[in-house]
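Data first, discussion second: the structure below is written as structure tokens.
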């Protein structure tokens, strides 16, 4: 499992920042999967976050594990393959979605960077 996926799974809840024009937008997420070695997130294509990512695919994610935190940033790419949506739901079941329901979408990090930090000890890891 890659570092980004590992941190997101361990945190359980994390916050994704996107941009809407010149305004940052942040919201909680909790589902993550690793498919073919890439970190995937999911969403509903009727939500604003989907439109924001289609317009500007750069994201930053922040989350906490105990008293430490991580930041992950990079560029995401929509994967419209049925197989990717199915694999995501097999790893992270979400009862309200089906791989062929017309609204469930998955994105993967094409380029990902991250830092894991501690208030007391500073930078613990960079990837």
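Numbering (this note's numbering), first residue to last: -10 to 116. For every residue, glycine included, the Cβ atom is placed at its ideal position computed from N, Cα and C.
{"Item": "Report yes if the C-beta distance between residue 83 and residue 20 is below 8 Å; otherwise report no.", "Value": "yes"}
{"Item": "With a 10 Å radius around its C-beta and 16 neighbouring C-beta atoms as the bar for buried, classify residue 15 as buried or exposed.", "Value": "exposed"}
{"Item": "Using 8 Å as the cut-off, can you tell me whether the region 66 to 80 makes contact with the region 22 to 40, which would need three or more C-beta pairs spanning the two stretches below that distance?", "Value": "yes"}
{"Item": "Taking the alpha helix (DSSP H) that residue 78 belongs to, which residues open and close that run?", "Value": "71 to 80"}
{"Item": "So, helix, strand or coil for residue 7, using DSSP?", "Value": "strand"}
{"Item": "Do three or more CB pairs link the region 64 to 73 to the region 92 to 103 at distances below 8 Å?", "Value": "yes"}
{"Item": "Along the chain, which unbroken stretches of the alpha helix (DSSP H) at least 4 residues long are found entirely within the region 15 to 48?", "Value": "37 to 44"}
{"Item": "Can you check which of these residues, 33, 69 and 43, is closest to residue 8 by C-alpha distance?", "Value": "43"}
{"Item": "What does a CB cutoff of less than 6 Å around residue 116 pick up in its chain, not counting 5 residues either side in sequence?", "Value": "-8 and 103"}
{"Item": "Looking at residue 53: is its Cβ nearer than 8 Å to the Cβ of residue 6?", "Value": "no"}
{"Item": "To the nearest angstrom, how far is the alpha carbon of residue 113 from that of residue 28?", "Value": "21 Å"}
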